[in-house]
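Number of protein chains: 6
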Amino acid sequence: MTAMTTIIRSQGRAPDALRPVRLTRHYTKHAEGSVLIEFGDTKVLCTASIEERVPPHKKGSGEGWVTAEYGMLPRATHSRSDREAARGKQTGRTQEIQRLIGRSMRSVFDLATLGERTLQLDCDVIQADGGTRTAAITGAWVAAHDAVSTLLARGAIGRSPLRDAVAAVSVGIVQGVPLLDLEYTEDAACGTDMNVVMTGAGGFVEIQGTAEGAPFSRAEMDALLALADKGIRELLAAQRQALGL
Amino acid sequence: MTAMTTIIRSQGRAPDALRPVRLTRHYTKHAEGSVLIEFGDTKVLCTASIEERVPPHKKGSGEGWVTAEYGMLPRATHSRSDREAARGKQTGRTQEIQRLIGRSMRSVFDLATLGERTLQLDCDVIQADGGTRTAAITGAWVAAHDAVSTLLARGAIGRSPLRDAVAAVSVGIVQGVPLLDLEYTEDAACGTDMNVVMTGAGGFVEIQGTAEGAPFSRAEMDALLALADKGIRELLAAQRQALGL
Amino acid sequence: MTAMTTIIRSQGRAPDALRPVRLTRHYTKHAEGSVLIEFGDTKVLCTASIEERVPPHKKGSGEGWVTAEYGMLPRATHSRSDREAARGKQTGRTQEIQRLIGRSMRSVFDLATLGERTLQLDCDVIQADGGTRTAAITGAWVAAHDAVSTLLARGAIGRSPLRDAVAAVSVGIVQGVPLLDLEYTEDAACGTDMNVVMTGAGGFVEIQGTAEGAPFSRAEMDALLALADKGIRELLAAQRQALGL
Amino acid sequence: MTAMTTIIRSQGRAPDALRPVRLTRHYTKHAEGSVLIEFGDTKVLCTASIEERVPPHKKGSGEGWVTAEYGMLPRATHSRSDREAARGKQTGRTQEIQRLIGRSMRSVFDLATLGERTLQLDCDVIQADGGTRTAAITGAWVAAHDAVSTLLARGAIGRSPLRDAVAAVSVGIVQGVPLLDLEYTEDAACGTDMNVVMTGAGGFVEIQGTAEGAPFSRAEMDALLALADKGIRELLAAQRQALGL
Amino acid sequence: MTAMTTIIRSQGRAPDALRPVRLTRHYTKHAEGSVLIEFGDTKVLCTASIEERVPPHKKGSGEGWVTAEYGMLPRATHSRSDREAARGKQTGRTQEIQRLIGRSMRSVFDLATLGERTLQLDCDVIQADGGTRTAAITGAWVAAHDAVSTLLARGAIGRSPLRDAVAAVSVGIVQGVPLLDLEYTEDAACGTDMNVVMTGAGGFVEIQGTAEGAPFSRAEMDALLALADKGIRELLAAQRQALGL
Amino acid sequence: MTAMTTIIRSQGRAPDALRPVRLTRHYTKHAEGSVLIEFGDTKVLCTASIEERVPPHKKGSGEGWVTAEYGMLPRATHSRSDREAARGKQTGRTQEIQRLIGRSMRSVFDLATLGERTLQLDCDVIQADGGTRTAAITGAWVAAHDAVSTLLARGAIGRSPLRDAVAAVSVGIVQGVPLLDLEYTEDAACGTDMNVVMTGAGGFVEIQGTAEGAPFSRAEMDALLALADKGIRELLAAQRQALGL
């Protein structure tokens, strides 16, 4: 990794800068939590739904469940992709992402405090420009927080089952330069791509790094983790600001 | 049908009044046409995608094809419904609606002028409050118009394959009173429910009337058609205004 | 619509004439109701099965359920169509038709009087020559009537849950001429196609009109509804005669 | 096997007697061959369709293909069974039967003489009372013969690709007594059940014997094969008579 | 069938000789029974799993259930075949085989003595060289025996529900010569192919004979059954030896 | 992470020790590469198949493709899991793993040198005791090497498309102690679980770390990566030894 290459990012963005982040709460009216999150041109609608039932493996356990589904509108992307409902199955990529979102959310939930109910998160990509899964995690947490507030307001639970915040960002190496929060064209050109999920307390929940081209070195990995740490701190601040915390 | 009953509609709406209609073009950036249409709290994102291929039954015919798919985000509705992609198939209702949208669009398209390419319309309900299929048809036509303009601008076609506009509205009888543009609570209480699709020239493209409770009479049907005719004229005007025609 | 065109129909049929209608009760021996209905060369076997259980949404309600499925033998049609069981899913058309049959039957059933049991109607097309869905509705009602008689004879119910009869016919405009009960070649040439479902008392249960070519006018629609009314009266008489009512 | 037990069969049928066999050709009008075959109360509609294409493994081979599909109407049986098209897949039993029918038909076809086209047999059970698969094979051969005659009449082929006839019957042991052509109640009570497929020349094409209860002995098997041989000779005669050969 | 043809089999095997049979018990560690069976180069792993539940049709009956599933690793065969899990369905061949294995096992089980539990047999082909279904049956019985011993040792049942042993072999006619235990190249060249399942007491459980080319005569069938009888006796001895009985 | 806890591993294994690794080449006879890899009681059969075709996105590119599928025999695990082929779809976990194996293999392949053919890797778990995906990657590379040797020996390619070796191992933190190569009981008790894929040259191909319980710190991550590095070096040596390199 030689820092001599100069990468020109769109909007004159610095290598260690996030795209503009926007969180719009109460984006739709029916869900207990509903947040549109934007990372630049990436727009994901995250809804949190409370269902007074749990999946079989939690029945009678006194504990609740938190799970997530992910989808992309067919024309969220540059060229249209097949509608998964019409094809009759979700792609491996979709399943991988929704499992990641679910694990990330559960990492900060106390399921016993939640009680025997399910918090179902739906992350639907309205427009994609890279980083949809990290935007989804970051937005889903805010939607989950709103749903928890609804439960508290209803008196359904006595205290919040949320133990911490969680947010996520992508980082990657493009032409030897570590970049924060890749947009689509950067992601496509990317040698190494890493998604990092961290809590408010600074712990790692998930690290998923993939060498798309050449393998990456330990030094590159350290640089990427430092970038991710910086970006996630800013996202955690944006979450708190959106929620007025 | 005795008109003596007085129905109080939300927002003090008159029996023959549409909900506020809003059309936002270029709602997302990738699609050749992208329109968010709102009928009150019903919000449907309609995108039009041009694909330079046709389905097998049109190959070598010199003609193009226009088709539609419809979906609803899981929490677009009051209580969450299953994600069709996760269930692995589309419901009968979804298929019925997307077939209706496709036929409505094709009724105003000259497929030979379109040339051997496909115009794919995707209508995804972001928030549902009754009338999603009629909003989808009305919005899809605007998205289709934008996609056609793109083709004209590219020089891919010499003249527009659109022969006319098309718009749709629902009408129904609630407690004996014919109402225009039903919202969800009205639809649920509705004795008779009718979806009407008409062209700019005032011709009928589709009429789908269903007695949910008691059968309906010829007189009731006439009243409903008159209401639909009024509403569709207003929707056609809204389409023209949105397009600056 | 200029009535000057003269349409020559097969068998010298008048524009407002039904094809020969034949209803054969007890066509197969196992079902509680089993009727072969023929509209000319269209032959549909309608069976009614009583099942002493209800779907989840009716459990514990004290009410029963009436539902329908529709199928077509692969070589019922001019050229062979794929077997839906082998393809692994029903087409949108099939689902649309079976939903229509189910709604039509339920419109004349008092589900509370039926009690917590299901009346399952199966309409299978043995030979198709246009009008399969309207023949199915007309025949299914007779099969349902036989199944209800079985329940009454068994003492399972004290009075009939049938509030009225229901029958259906197709009408359409071919070369400007409104025709009753379209056969396949007429349907294929048809500008406008309408399926109408009416009760014995003359109320409308369903109207589904589609402009296949040019949109249709209000005057054309009125002409079609008048034809449908005439045809359905004759079908209702045929049902009564078959049942000896 | 002690022959002292006396079995009373319905209609006073002898242990070695077939049920009345009826073959109705041209039962439906579209297919190149269409035969309703009845073995007593078992009724199977067998259609033969000619398609001018072959599956991938025969493309360019100069040879044709003969294949079969099998289905049962939901209420062909005493209690209603699920519709396979609605369940989204065929049962193992259905697949086993249609593979058996296909192999049986191919055993008497010269695929090279057929030329690069497919003969598709559809065997649909209208009413079931035991022996549906053997009735299907026996009827399908007559339908195939009619389809071949159509090809000969059209001049599509110069001579018949049929090398022989083929027919099938079930045999079984009920309470120690070997019986020919089991009906449903016999089949259900049956200790051993065997389906035998033979050609006009008397060769075996398929033998499928299953001990439902106790294993069967070589002596029992010999008795069953003798019965099958007798029954199939009579079925072959019925086929010839139906075809006027 | 003229015996003058001389068939040279691999390894100098005689027409009436089995390939070397090897049974390895406890091949994997988790299952209650786990047997690798080898018929020459055909290798099938048979596991028997005890599950303390029964399918719906056995609930509350006091009886247990025995069932089987069959699979083939994609590259068990000479050229790779599609993975059924990836295709999303099992082939007809797979379903036919697993139904055969299940029936064969049930023929020697006393389900009442087994009690309300399921014995699930999984037969997975690691390497295929002909005869996979007969090897599966022969090995599955040994795995079932080990699972039964586990139940007896646990005191879950007081006596064995196994009434007898069961084993299977394939026989066929190649160039007019009846051969025992066909390997793949022989199977492919085979005119007639028969799978025979017999019990320890010498009774027939299943006979499935198919003429791949010319029909087969009664004399040929007798020769094949004699060969099968000889082979199965040897397989039953190998089972006893493996179990130390 | 306090290192004061003492973890007793099975077989007296040290925290930084691999389980015994065994690689058996030519385990089955049909595949171009066939390797049974054992990590202690985890046993995975990895086959490499060469197919002289490429998927659509590579057609005409002059490049080949390398892809992987993963499966687990139903009773590879402590309690039986459903057969994916019978359920009709692969789980999200299966898809995630097979995508990981495929990316890992492609990271060391020069697809242009491979030429327009596909190398299909099948990794089937015969027995599971933790680490199945890392064993699969490590074994698949050896199978791929054998398949490449086959291509070289056939003269199909002039030089090897393999640029490097690749191997993988799991690491995790159990009760505060970082452990190498987790077996099942350790994996189940594990706070943090990480799968690491590295090349022969020491570069990272994939890092997938997940906090199952509490989030993990940067220091913990560093400790895990050091363990993984040690373990992968040993696995690379085992691969070379197995291949005689």
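Chains as they are written, first to last, in the numbering used here: chain A, 707 to 951; chain Z, 707 to 951; chain Y, 707 to 951; chain S, 707 to 951; chain C, 707 to 951; chain P, 707 to 951. Even for Gly, the Cβ is constructed at its ideal location relative to N, Cα and C. Quick caveat: nothing in here was measured; it's all calculated off a predicted structure.
Exercise for review: Answer yes or no: does any C-beta atom of chain S fall closer than 9 Å to that of F815 of chain C?
Suggested key: Residue numbering aside, residue 815 of chain C sits at position 109 when the fifth sequence is read from its first letter. It does not; no Cβ of chain S falls within 9 Å.
message: Beta carbons nearer than 7 Å to chain C: which residues of the segment 856-888 of chain S have them?
response: none
| Contact residues within the segment 919-940 of chain P, judged by C-beta distance below 9 Å to chain A | G919, A920, P921, F922, S923, R924, E926, M927, L931, D935
- prompt: T838 of chain C and T748 of chain C: beta carbons closer than 9 Å?
  reply: Indexing the fifth sequence from 1 puts residue 838 of chain C at position 132. Indexing the fifth sequence from 1 puts residue 748 of chain C at position 42. Contact flag set, yes.
- Task: Taking V911 of chain C as the query, report the chain S residues whose CB atoms sit under 7 Å from its CB, ordered along the chain.
- Result: Looking up residue 911 of chain C in the fifth sequence gives position 205. The answer, in chain order, is A917, P921.
Exercise for review: Report yes if the CB atom of D828 of chain Y is closer than 9 Å to the CB atom of P780 of chain S, and no otherwise.
Suggested key: Stepping through the third sequence from its first residue, residue 828 of chain Y is reached at position 122. Stepping through the fourth sequence from its first residue, residue 780 of chain S is reached at position 74. Yes, the pair counts as a contact, with Cβ atoms nearer than the cut-off.
* Asked: What does K764 of chain C reach in chain P if we use C-beta pairs closer than 8 Å?
  -> The residue labelled residue 764 of chain C in the question sits at position 58 within the fifth sequence. Per Cβ cutoff of 8 Å: no residues; K764 of chain C is ~18 Å from chain P at best.
query: Taking C-beta to C-beta, are V872 of chain S and W847 of chain S nearer than 9 Å?
result: By one-based count along the fourth sequence, residue 872 of chain S stands at place 166. By one-based count along the fourth sequence, residue 847 of chain S stands at place 141. Yes. Within cutoff.
Exercise. Which residues of chain P have a Cβ atom closer than 8 Å to the Cβ of Q688 of chain C, listed in chain order?
Worked result: Because chain C is modelled from 707 through 951, residue 688 of chain C falls outside the range shown and cannot be assessed.
For L825 of chain C, decide whether its Cβ has a neighbour in chain P, counting only Cβ atoms nearer than 9 Å. In the fifth sequence, residue 825 of chain C corresponds to position 119, counting from 1. L825 of chain C does not count as touching chain P.
With a cut-off of 8 Å on the beta carbons, I'd call Q741 of chain P and G906 of chain P a contact; round off their distance for me.
Position 35 of the sixth sequence, counting from 1, holds the residue named residue 741 of chain P. Position 200 of the sixth sequence, counting from 1, holds the residue named residue 906 of chain P. Just to set this straight, residue 741 of chain P is Val in the shown sequence, not Gln. Going by Cβ atoms, the distance from V741 of chain P to G906 of chain P rounds to 17 Å, so no, they are not a contact pair.
Discussion item. Mapping the DSSP letters down to three states, classify D887 of chain P as helix, strand or coil.
Written reply: Here residue 887 of chain P is taken as the residue at index 181 of the sixth sequence, counted from 1. Three-state result, D887 of chain P: coil.
| said: Counting only C-beta atoms, is G798 of chain C closer than 9 Å to chain S at any point? | reply: Start at 1 with the first residue of the fifth sequence, and residue 798 of chain C comes out as number 92. For G798 of chain C, the answer is yes, since a Cβ of chain S falls inside 9 Å of its Cβ.
Original post:
Of all Cβ atoms in chain S, is any one closer than 9 Å to the Cβ of T708 of chain C?
Top reply: For the purposes of this step, residue 708 of chain C is taken as residue 2 along the fifth sequence, with counting starting at 1. Note on T708 of chain C: pLDDT 44, under 50, position unreliable in the model; the coordinate value appears next. No, T708 of chain C does not count as interfacial toward chain S.
Review point. Whose Cβ in chain A lies nearer than 9 Å to the Cβ of D852 of chain Z?
Key: On the second sequence, residue 852 of chain Z is found 146 positions in, with the first residue counted as 1. Near D852 of chain Z there are no residues of chain A at all, since even the closest Cβ is about 13 Å away, more than 9 Å.
- [ ] Taking C-beta pairs closer than 9 Å, name the residues in chain S that R805 of chain C reaches, listed in chain order.
- [x] Working through the fifth sequence from its first residue, we reach residue 805 of chain C at position 99. Those are G798, R799, E802, listed as they occur along chain S.
| request: Step through the CB atoms of chain P and report whether any lies within less than 9 Å of the CB of D828 of chain C. | output: The residue given as residue 828 of chain C occupies position 122 in the fifth sequence. Chain P contact via Cβ: present.
From I832 of chain A to T734 of chain Z, what distance separates their C-alpha atoms? Locating residue 832 of chain A in the first sequence gives position 126, where the first residue counts as 1. Locating residue 734 of chain Z in the second sequence gives position 28, where the first residue counts as 1. Those two C-alpha atoms are separated by around 8 Å.
**Item:** Exposure of A709 of chain A, with buried meaning 16 or more beta-carbon neighbours within 10 Å
**Value:** Numbered from its first residue, the first sequence carries residue 709 of chain A at position 3. Because the pLDDT at A709 of chain A is just 45, under 50, the model does not fix this residue reliably, and the point stays unresolved.
*Looking at the unbroken beta strand (DSSP E) that takes in I913 of chain A, where does it start and where does it end?*
Position 207 of the first sequence, counted from the start, is the residue given in the question as residue 913 of chain A. Start and end: 910-917.
- Item | Amino acids of chain S, ordered along the chain, whose beta-carbon sits closer than 8 Å to that of T905 of chain C | For the purposes of this step, residue 905 of chain C is identified with residue 199 of the fifth sequence, where counting begins at 1. Within 8 Å Cβ-Cβ: P921.
Requested in this report: Could you tell me whether the Cβ of P761 of chain C comes closer than 9 Å to any Cβ of chain P?
Outcome: Translated into the one-based positions of the fifth sequence, residue 761 of chain C becomes position 55. Closer than 9 Å: no.
| If you draw a straight line from the C-alpha of M778 of chain Z to the C-alpha of I713 of chain Y, how long is it? | Counting from 1 along the second sequence, the entry for residue 778 of chain Z is found at position 72. Counting from 1 along the third sequence, the entry for residue 713 of chain Y is found at position 7. C-alpha separation (whole angstroms): 45 Å.
Touch check for the segment 905-920 of chain A and the segment 796-815 of chain A: three-plus C-beta pairs under 8 Å? yes
Along the beta strand (DSSP E) that carries K735 of chain A, what are the first and last residues, could you check?
Here residue 735 of chain A corresponds to residue number 29 of the first sequence, with the count starting at 1. From DSSP, K735 of chain A is part of no beta strand (DSSP E); its letter is neither H nor E.
- Query: When DSSP labels each residue in this structure, what does V814 of chain S get in the three-state scheme?
  - Reply: For this step, residue 814 of chain S is matched to residue 108 along the fourth sequence. It is coil, neither helix nor strand.
(message) In this structure, how does DSSP classify I713 of chain A when only helix, strand and coil are distinguished?
(response) Your numbering for residue 713 of chain A matches position 7 in the first sequence. Coil.
message = For T730 of chain Y and I743 of chain Y, what's the separation of their Cα atoms in angstroms?
response = To locate residue 730 of chain Y, count along the third sequence from 1; it is residue 24. To locate residue 743 of chain Y, count along the third sequence from 1; it is residue 37. C-alpha separation (whole angstroms): 6 Å.
Enumerated in chain order, which unbroken segments of the alpha helix (DSSP H) with a length of 4 residues or greater are wholly contained in the segment 814-858 of chain C?
817-820
Looking at the structure shown, is K936 of chain C part of a helix, part of a strand, or coil, going by DSSP?
If you number the fifth sequence from 1, residue 936 of chain C lands on position 230. Here K936 of chain C sits in helix by DSSP.
task = State the DSSP-derived secondary structure class of L724 of chain Y, mapped to helix, strand or coil.
result = As a position in the third sequence, residue 724 of chain Y is number 18, starting the count at 1. The answer is coil: DSSP assigns L724 of chain Y none of H, G, I, E or B.
Worksheet item: Ends of the beta strand (DSSP E) at A754 of chain Y?
Response: The residue you call residue 754 of chain Y lines up with position 48 of the third sequence. Taken as a continuous stretch (DSSP letters only), the beta strand (DSSP E) holding A754 of chain Y covers 748-757.
So what does M900 of chain Y bridge to, in DSSP terms? In the third sequence, counting from the first residue as 1, residue 900 of chain Y sits at position 194. BP columns for M900 of chain Y point to Y:V877, Y:G915.
For S855 of chain Z and G794 of chain Y, what's the separation of their Cα atoms in angstroms? Translated into the one-based positions of the second sequence, residue 855 of chain Z becomes position 149. Translated into the one-based positions of the third sequence, residue 794 of chain Y becomes position 88. So the two alpha carbons sit approximately 40 Å from each other.
Practice prompt. Mind checking the segment 827-846 of chain P against chain C and listing, in chain order, the residues whose C-beta falls within less than 9 Å of any C-beta there?
Written response: D828, D830, I832, Q833, A834, D835
In the DSSP assignment, the alpha helix (DSSP H) including E790 of chain S goes from what residue to what residue? By 1-based counting over the fourth sequence, the position of residue 790 of chain S is 84. Per DSSP, E790 of chain S belongs to the alpha helix (DSSP H) from 790-793.
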